[in-house]
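Here is the structure we will look at, set down as structure tokens.
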Amino acid sequence: MLVLTACGGAAEKEQPAKKTEKAEVVVSFKNEVEMDNRVVEIDAIVNQAGIVASSLYYSKGEAGESIQVDGHMNSENHILKIEEFFSEGNGKNSGRRLYYLNDGKPFVTVEQFDDVTGAKPQFVDRVSYYDEKGKVIKTKERRGDYQEVVETMKYKPVGLSGISMARAMRALNQEKEFETTFQGFIDSDQMSYMSVGENNPDGFHSALRCDFKDPLIMTLSSNQEKYIGKKLRVNYQKHTDQSGFEFQVYLGGEFADE
13 MLVLTACGGA
23 AEKEQPAKKT
33 EKAEVVVSFK
43 NEVEMDNRVV
53 EIDAIVNQAG
63 IVASSLYYSK
73 GEAGESIQVD
83 GHMNSENHIL
93 KIEEFFSEGN
103 GKNSGRRLYY
113 LNDGKPFVTV
123 EQFDDVTGAK
133 PQFVDRVSYY
143 DEKGKVIKTK
153 ERRGDYQEVV
163 ETMKYKPVGL
173 SGISMARAMR
183 ALNQEKEFET
193 TFQGFIDSDQ
203 MSYMSVGENN
213 PDGFHSALRC
223 DFKDPLIMTL
233 SSNQEKYIGK
243 KLRVNYQKHT
253 DQSGFEFQVY
263 LGGEFADE
């Protein structure tokens, strides 16, 4: 498995978003226009290159918590944008987070999600800007009852609020809570799926449809109980059928210690 890194920067430390006691509001700053222009430029670059490294689709428990991450690259295979799709569970916030990178670190993040924490559900579009040390220097947002309406609104400066892409990178690289250990086979509608994920029944897991049997599948099938918890390296591909249903197809794999 190729470990993906956001080229050029040191690994980001995951920290809770820091908010000042007075929820400082910054109306504008010197390089805001230049940073906005760079976001537009990155979108154009990655759209033209069309190179995307996708994580597995991970889900957790019956509550509906899930995450899936795409790393958008330039023609030199450097990640310039991270796109994280998430759901915090049934009846909780869900949406996506975008991380625009400079030298491997986010300089702009965008959060677009359904906020159900208040008395009335709202769609939130929030943008935060960061300095070279990762400190938030401005946050702006727009919110309303419907996404279509919000997209016609102007942004308003709000209290500084930042997010970390550390969890998204772990999902992309199958690390820690997103590691791929063998968790057994699942038979459904005449199809066989291999379950991989954290070696914890309450952890994140992902299902890969197995359309053929290679040496790894045959070995695992011979004694599932014996191999539960064994760490794997798996190759896969995302597919969408005619009805729009998305699924992951197993392309091959091996034990991680081989």
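Basically the numbering used here = 1-based index in the sequence shown + 12. We put the CB at the ideal spot given by N, CA and C, even for glycine.
According to DSSP, residue i sits in a beta bridge with which residue or residues?
i	result
residue 61	Paired residue(s): none; residue 61 is not in a bridge.
residue 312	There is simply no residue 312 to check, as the chain begins at 13 and stops at 270 in what is shown.
Within this structure, are the beta carbons of residue i and residue j separated by less than 7 Å?
i	j	result
residue 139	residue 125	no
residue 95	residue 82	yes
residue 192	residue 244	yes
residue 77	residue 103	no
residue 66	residue 250	yes
residue 227	residue 177	no
Here's a check: name, in chain order, each residue in its chain whose Cβ is nearer than 6 Å to the Cβ of residue i, leaving out the five neighbours to either side.
i	result
residue 68	218
residue 35	171
residue 41	149, 150
residue 93	54, 58, 84, 112
Specify the secondary structure class of residue i as computed by DSSP and reduced to three states.
i	result
residue 175	coil
residue 180	helix
residue 195	strand
residue 239	helix
residue 56	helix
residue 123	strand
residue 37	strand
residue 137	strand
residue 190	helix
In chain order, what residues of the same chain have a beta carbon less than 7 Å from the beta carbon of residue i, not counting five sequence neighbours either side?
i	result
residue 222	204, 205, 206, 229, 262
residue 37	169, 170, 171
residue 162	135, 137, 154, 155, 156
Note the first and the last residue of the continuous beta strand (DSSP E) segment covering residue i.
i	result
residue 113	106-114
residue 164	From DSSP, residue 164 is part of no beta strand (DSSP E); its letter is neither H nor E.
residue 92	91-99
residue 81	77-85
Kindly list the residues whose CB is nearer than 8 Å to the CB of residue i, restricted to its own chain and excluding five residues on each side of it in sequence; keep chain order.
i	result
residue 214	72, 73
CB of residue i to nearest heavy atom of the ligand ATP: below 6 Å?
i	result
residue 78	Of ligands this structure carries none, so the ligand ATP is not represented either.
Determine the extent of the alpha helix (DSSP H) in which residue i is found, giving its start and end residues.
i	result
residue 233	227-234
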